[in-house]
Amino acid sequence: MLHKHIDGCVAPPFCRILCFYTAIGRMMSRLPDFRPPTHEEMRALWRAHLPGSDVHRLLLEIVHLRQVLVEIEGLRQAIDRAWKEEFDGQLVGLEVLRCRLQEERVRLGILGR
0 MLHKHIDGCV APPFCRILCF YTAIGRMMSR LPDFRPPTHE EMRALWRAHL PGSDVHRLLL
60 EIVHLRQVLV EIEGLRQAID RAWKEEFDGQ LVGLEVLRCR LQEERVRLGI LGR
């Protein structure tokens with residue numbers, strides 16, 4: 000039987016405690032709601048500022064972190080496959096991680112990548 004996470008993701012019932020702690024952690028460090036910059040907006044900012052500027056460094060950091068998210072998702076998938084093959088089950092922490100990564104990909108508009 001599945002239950003719905005606080006964040007809307009569906010997961011097995013044995014992860015309720017982990018969901019609770021994840022939600023508490025998010026509430027403690029919650030940023031205000033904002034629309035993430037699009038690729039086109041970031042390209043316009045790049046062109047509008049001098050090379051080596053703080054804006055360029057921030058844009059590079061954003062791109063770097065987005066690439067890291069994609070890499071982490073690939074690693075999560077590999078671990079998940081190995082776990083399922085070995086133990087024929089689901090690892091709760093990986094399911095929570097999957098949901099969190101999916102939230103970020105949706106927020107950033109990179110779900111299909």
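Numbering (numbering that gives the first Met the number 0), first residue to last: 0 to 112.
Each residue gets a CB set at the ideal place from its N, CA and C atoms; glycine is no exception.
Buried versus exposed, by CB contacts within 10 Å (16 or more), residue i
i: glutamate 94; result: buried
Residue-chain proximity (residue i, chain B), Cβ-Cβ < 8 Å
i: glutamate 94; result: Absence of chain B from the displayed structure is noted, only one protein chain being present.
Chain-order list of residues whose beta-carbon lies under 6 Å from that of residue i (same chain, five-residue window excluded)
i: glutamine 76; result: none
i: tryptophan 45; result: Leu58
CA-to-CA distance, residue j to residue i, given in whole angstroms
i: glycine 73; j: glycine 88; result: 19 Å
i: glutamate 85; j: valine 91; result: 15 Å
i: leucine 100; j: methionine 41; result: 22 Å
i: isoleucine 78; j: arginine 97; result: 11 Å
i: isoleucine 109; j: isoleucine 61; result: 13 Å
i: arginine 56; j: alanine 47; result: 13 Å
Contact set for residue i: own chain, Cβ-Cβ below 8 Å, skip 5 residues either direction
i: lysine 83; result: Gln89
Reference residue i, options the options, closest by Cα
i: valine 67; options: Glu103, His48, Arg29, Asp32; result: Glu103
i: valine 69; options: Ser28, Val105, His48; result: Val105
The stretch 46-57 in contact with the stretch 28-38 per 3-pair CB rule at 8 Å: no
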